[in-house]
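Student: Residue numbers (the UniProt record's numbering): 1 to 119. For every residue, glycine included, the Cβ atom is placed at its ideal position computed from N, Cα and C.
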């Protein structure tokens, strides 16, 4: 199994359940791992055959930037679904961090895995 990853993708959005959170944009950080067979694009050196991490990043930046969820759990689920459905990814592990949300902690958030992880 090959992994295509995106690390520390930072996106500003409205997220949270408290009134003050609904009035400001907060920066979220995404770490994403996606299962993808890289042998085919590598054999032909053809970007059109890859899981293009730039395209995935741009899609998530647009989606998250326009969203306004209360829970990071909901946003993580939606992003995982976009990756799996729109980019044909069978397995994804997504970590969504909300830096500075809890005093004394660098970040809080969720890590989810969706789909079947290939061997």
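1. Run through DSSP, which three-state label would residue 31 get?
2. Just the Cα atoms here: how many angstroms apart are residue 98 and residue 19?
3. Quick check: the Cα distance between residue 4 and residue 84, rounded to an integer number of angstroms?
4. Please report how far the alpha carbon of residue 14 lies from the alpha carbon of residue 76, in whole angstroms.
5. Would you say residue 33 and residue 93 are within 8 Å of each other, going by their C-beta atoms?
6. Using the Cα positions of residue 71 and residue 44, report the straight-line distance between them to the nearest angstrom.
7. Answer yes or no: do residue 64 and residue 28 have a C-beta to C-beta separation smaller than 8 Å?
8. Give me the residue from 26, 8 and 7 with the minimum Cα distance to residue 16.
9. Could you please give the first and the last residue of the uninterrupted alpha helix (DSSP H) stretch that includes residue 103?
10. What three-state label does DSSP hand residue 87 in the structure shown?
Tutor: Reading off the structure:
1. strand
2. 17 Å
3. 13 Å
4. 14 Å
5. yes
6. 42 Å
7. yes
8. 26
9. Counting along the chain, residue 103 falls outside any alpha helix (DSSP H), and DSSP gives it neither H nor E.
10. helix
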